[in-house]
Amino acid sequence: MKAIFQAVLIVVVFVGSQSGLAKEVYDFSNEAERERFHRFTYELRCPKCQSQNLAGSDSQISQDLKRELHRLIIDGKTDDEILDFMVTRYGDFVLYRPQFQSNTLLLWLGPLALILIGLGVFGWILFRKMSAQSTEE
Amino acid sequence: MVPELGHFALILALIFSLLIAVFPLYGTYTNNVMLMRSAHSLSIGLIVFVSVSFIALVYSFVQDDFTVEYVANTSNKILPLHYKLTATWGGHEGSLLLWIFCLCIWLFAVSLFARSLPLVIRTRVLSVMALATAGIILFTLLSSNPFLRLLPGPPPDGRDLNPLLQDIGFIIHPPLLYIGYSGLVVPFAFAITALLSGHLDSAWARWSRPWTNVGWAFLTLGMGMGSWWAYYELGWGFWWGWDPTENNVLIPWLTATALVHSLAVTEKRGLFKTWTILLAITTYCLVLFGTFITRSGIVNSVHAFANDPERGAYLLAYIVIIAAGSFLLYALRAPTVASLSRFKPSSRETFMLLNNVLLTVVMATVLLGTLYPMLADYMNWGKVSVGAPYFNFFWVLFTIPLTLLMAISALTQWKQTSPGIFKKYLTPSLLISLIVGGIFPFFYGEKYHLGGALTVAVTVWIFAVSFSALLKQTRNAPSFFAGVKQQPLSFYSMLVAHLGVGLLVLSAGLTSIYSDERNIILLPGQEKPLFGYSWGFDGVREFVKDNYSAQEGTIYVVRDGERVATLNPQKRFYMSGAMVTTEAAIEGNLWRDLYVSLGEAAEPKSAGGWIITVYVKPFIGVLWISMLLIAGGGFMALWDKRYRSRVAGSVKTSSTNTVQGAIG
Amino acid sequence: MKRLKLFIPLIIFVLLAILFTLGLGIDPHKMPSALVGRPVPNFSLSTVQDTTRIVDQEQLKGHGFALINIWATWCGPCRQEHPFLVKLANNGFPIFGVNAKDELELAQQWLKERGDPYKFSAFDPEGRLGLDLGVYGYPETFLINSEGQVLHRFAGVLTEKVWQRDFIPLINP
């Protein structure tokens, strides 16, 4: 059964290449790899451009980096290894998702502090309005 | 000659705006009615001279007057006429003039349509607006004069308008945006007037509300147009990139949204007075901050204007005067006595308060993310980039509760809402939204996506609760339709805007989750099955048009044996600046866009293959409708009878009363 | 006390204004190399001048201060920069070249026609060394010390002005 299936597959592939099946620029063996590549092109910044990610830029450097990214993913590198590869060459600047580290503490914790302050103020005003009610009414 | 005329008219406009800023204001303190009334005639002079100045610049563009430096830099002889017209605001100097023009339109509109206001109040509002305008005119004249001549030896053909701006979107987007941007000066002026006059009752909120709503609506439209333009012009299918320039519009939009709501509370209930004043001031200051960030070049951005720290210094000086002055006035004059009005946790006031708290936190977060790279650079923490992954994370985290609460607020009543109402109307909505959201991913997309479920659940929640609110409002009417007719316009304007937000959530969420994109290489005659369609390629032809030469691909899209679209993406080579742009081709309906952009010729070139990026973007069409609805909610304030009833008649009596009140 | 609270917005604004004023002095486009303070990455390449000679990072050491210049014949600005490199080399300043993503004959032709300022020019047709150096445009020039550590990176056309402004202060502090 399996052999027949494989034979059919080969025929299909063969017929496919005969009619000139279209290629993809960055080919991957599975969807998970393609997914990762896609995510990285959106989260890595083109180092030369003003403010664009790799997906949105056609500049030479971003084409080079996309090719490199493709190679790293095909080679089975982990996400951390890929990030490390980029950061050692281009610095934290290439990361559109800043890593959580000492120089981004304020960036990542700031909004949480803000929401806590905000909710604190909200609670305080509500408490005051309620206690005012109980004393005056 | 014409540029000199424009230059001279701008100087006269500066004088007129200074006159309005000084003499009528003086009149309000000396009870000199004639001086106060002069504000109106002076504002006619102002609008006339600013128009003359603006038209002079447009004329210089149409005439290809390349002796004018700004024209030479932003236009070209072979630029089509409609782009010559819009090149007027295609650079720093001209866009400032457009901003000034819009400010003066608002000033004149207040002078014309705010006749029902007490004379003192109207006069002070006009003076404050004129002062703000004068600062920007002065800045333009001193550091960014668009009328300066380029002598000797003007370039024969001019450089060019940035090709990305040679686009229909750029004709409409900046005027809308600047009308919205400058419209926020009106609530600012009302707030300053309230502080100056010490009349911080709900009256100023009532006067300021329609202006704020309309200005906010224009800003919303401007942002919507901006994202539409980015979506189809930048060629990679994104409508919001969290670029600093985009954030600079979003930041004041968020506080303006908070202001629209807190003004309602201040008008109806006399609460949050100090806070509303602060929001109005902050919003305008954030507009100025945004302008500063975009125009001084202190952050990296795709569409920032040229770097110019000197310009930045001028602008900063103006901002410091306006902002420090206003915040100081606020600190000294804002009332500290807490309102005696009370409300319960179940009241509409509570929801509005929470809405304002959340919007402020979101605003501060976006501001932090936008400024952080600069802060890190200055503190020697290294070069850091803050982009979409950061902003999206916090945006989703904070705005989901915001939109859920937004829907509920339509059910609430001032002072308190009986718990029975929440129970009666929210339970069915909750069930419906959970069920519809939960099953949606089973029918849509290849695998179950939790984000898709959440998105749909939030949208259904907003729609269901809004409909419940309508049911609740009409529950005492003889019939549902009779009740529908009875509801005030303000109720519907709120509903329309909130439903717009619902659609925005739906579209933004589903597009970001279910969009497909792929880089493929196609040879002529080839077809590639992808994302449920078959993408065929008919090759690339070359042609020359107007001021560019183009390569245009033909891609036909087939579904179930039927041709659904023929797309012609282009690569354009602009002759003047040797710049290349990609023009995506889009075939869209409400439910999905087929989006194709042309890359480069694939190796080996002899084969005639091309790199093509294909996107299938579901629900993006809904996005544009959602933005129209949100803005529409704001514009509906224009038709609200409450704001128009007292146009004639009572002007004189009320104004003299207030004059006496102010003096006594 | 209540009045004092109203000063909070003013204080926040003043802080922002200070940040903006300081920010005016910063050029956001200036990109320091991630390699500064670190050794030049490992490589092993043949040279343009002698295709049989294999060079690596060790050969960069022991020359005192030296430059690594990334160039290519297809790069327009490199043409503009070249005479200044020749002048520096004639004054005895050691320069190493990295010829990136180029064709050997064209590169050799270039050096023959315009003069060869390089002690050697590594031939890097795939641009791998350029990538490892974090190059994002051409030309780029790195200053290294005797131990082969990167001290500074300059992206763009190296001129007398840039040399005096950015490099001399590092060489003769």
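Chains as they are written, first to last, in my numbering: chain A, 5 to 141; chain B, 173 to 836; chain C, 21 to 193. Glycine included, every Cβ here is placed at the ideal spot set by N, Cα and C. As the structure is a prediction and not an experimental result, all values here were calculated from the model.
Asked, Found
"Taking contact to mean at least 3 C-beta pairs separated by less than 8 Å, is the region 301 to 312 of chain B in contact with the region 178 to 195 of chain B?", "yes"
"Should aspartate 236 of chain B go down as buried or exposed, given a rule of 16 or more other Cβ atoms within 10 Å for buried?", "buried"
"Less than 8 Å between the CB atoms is what I'm expecting for valine 222 of chain B and cysteine 276 of chain B, so what's the real figure, rounded?", "4 Å"
"Please confirm whether tyrosine 30 of chain A and asparagine 691 of chain B have their CB atoms less than 8 Å apart.", "yes"
"If I measure Cβ to Cβ from aspartate 122 of chain C and keep anything under 6 Å in the same chain, skipping five residues before and after, which residues do I get?", "Ala92, Thr93"
"Residues in its own chain within less than 6 Å of proline 137 of chain C by CB, not counting five upstream and five downstream?", "Leu105, Val106, Ala109, Ile115"
"Can you pull the chain B neighbours of valine 29 of chain A, defined as C-beta to C-beta under 7 Å?", "Asn691, Ile692, Ile693, Ile783"
"I think isoleucine 611 of chain B touches glycine 674 of chain B, with their Cβ atoms under 8 Å apart; what is that distance to the nearest whole Å?", "The pair is not a contact, with the Cβ atoms about 19 Å apart (cut-off 8 Å)."
"What residue from B:Phe180, B:Pro318, B:Ser288 has the CA that sits closest to phenylalanine 233 of chain B's CA?", "B:Pro318"
"For methionine 134 of chain A, which residues in chain B fall below 8 Å Cβ to Cβ?", "Lys516, Pro517"
"Who are the near neighbours of arginine 441 of chain B in its chain, counting only those whose CB is closer than 7 Å to its CB and skipping five residues on each side?", "Ser513, Glu521, Trp586"
"DSSP three-state call for glutamine 77 of chain C: helix, strand or coil?", "helix"
"Using a Cβ-Cβ cut-off of 8 Å, state whether valine 558 of chain B counts as contacting chain A.", "yes"
"Within the region 286 to 322 of chain B, note down every full alpha helix (DSSP H) run reaching 4 residues or more, in order along the chain.", "291 to 315"
"Going along the region 478 to 495 of chain B in order, which residues come within less than 8 Å of chain C, judged by CB to CB distance?", "Asn479, Pro481, Gly484, Ala485, Leu488, Ile491, Val492, Ala495"
"Compute the beta-carbon to beta-carbon distance between alanine 56 of chain C and valine 170 of chain C, rounded to the nearest angstrom, for a pair I have assumed lies under 8 Å.", "Note that residue 56 of chain C is valine in the sequence shown, not alanine. 6 Å between Cβ atoms; contact."
"Assuming methionine 666 of chain B and alanine 803 of chain B make a contact with CB atoms under 8 Å, what is their CB distance in whole Å?", "With a Cβ gap of about 14 Å, methionine 666 of chain B and alanine 803 of chain B do not count as contacting."
"I want to verify the contact list: residues of chain A whose CB lies under 7 Å from the CB of proline 561 of chain B, in sequence order.", "Glu47, Tyr100, Arg101"
"Determine the DSSP secondary structure at valine 736 of chain B, reduced to helix, strand or coil.", "strand"
"Candidates B:Leu349, B:Ile340, B:Gly484, B:Leu626: which alpha carbon is nearest phenylalanine 40 of chain C's?", "B:Gly484"
"Is it a yes or a no for the region 44 to 51 of chain A touching the region 541 to 548 of chain B, going by three-plus beta-carbon pairs under 8 Å?", "no"
"Please return the same chain residues whose Cβ sits closer than 6 Å to the Cβ of serine 23 of chain A, not counting the five positions on each side in sequence.", "Residue placement at serine 23 of chain A is flagged as unreliable, the pLDDT there being 40, under the threshold of 50; a coordinate-derived value is accordingly withheld."
"For the beta strand (DSSP E) that leucine 694 of chain B lies in, which residues bound it at each end?", "688 to 694"
"With a cut-off of 8 Å, do at least 3 Cβ pairs link the region 391 to 410 of chain B to the region 625 to 639 of chain B?", "no"
"Going by Cα to Cα distance, which pick from B:Gly793, B:Leu501, B:Ala228 is closest to leucine 24 of chain C?", "B:Leu501"
"Using 8 Å as the threshold, is the region 451 to 466 of chain B in touch with the region 416 to 428 of chain B, meaning 3 or more CB pairs across them?", "yes"
"At a CB-CB cut-off below 7 Å, which residues of chain A make contact with isoleucine 152 of chain C?", "The sequence given here places aspartate at residue 152 of chain C; isoleucine does not occur at that position. Going along chain A in sequence order, the residues near aspartate 152 of chain C (Cβ under 7 Å) are Arg93."
"Assign arginine 132 of chain A to buried or exposed, taking buried as 16 or more other Cβ atoms, counted over all protein chains shown, within 10 Å of its Cβ.", "exposed"
"Is it buried or exposed for isoleucine 607 of chain B, if we count other Cβ within 10 angstroms and need 16 for buried?", "exposed"
"In angstroms with no decimal places, state the Cα-to-Cα distance between leucine 44 of chain C and serine 468 of chain B.", "7 Å"
"Within its chain, find whatever has a CB closer than 8 Å to the CB of leucine 48 of chain A; leave out the 5 residues flanking it on each side and keep chain order.", "Asn57, Leu58, Leu69, Leu73, Met90, Val98, Leu99, Tyr100"
"So, at 6 Å on beta carbons, what are the nonlocal neighbours of proline 252 of chain B in its own chain, with the 5 sequence-adjacent residues on each side left out?", "Asp718"
"On the three-state DSSP scale, how would you describe tryptophan 91 of chain C?", "strand"
"So, using beta-carbon positions, are valine 794 of chain B and leucine 678 of chain B closer together than 8 Å?", "yes"
"Using C-beta distances below 7 Å, list every residue in its chain close to glycine 655 of chain B, excluding the 5 sequence neighbours before and after it, in chain order.", "Gln645, Thr646, Ala649"
"Once the 5 residues before and after methionine 747 of chain B are set aside, which same chain residues still bring their CB inside 8 Å of it?", "Ile250, Asn719, Tyr720, Ser721"
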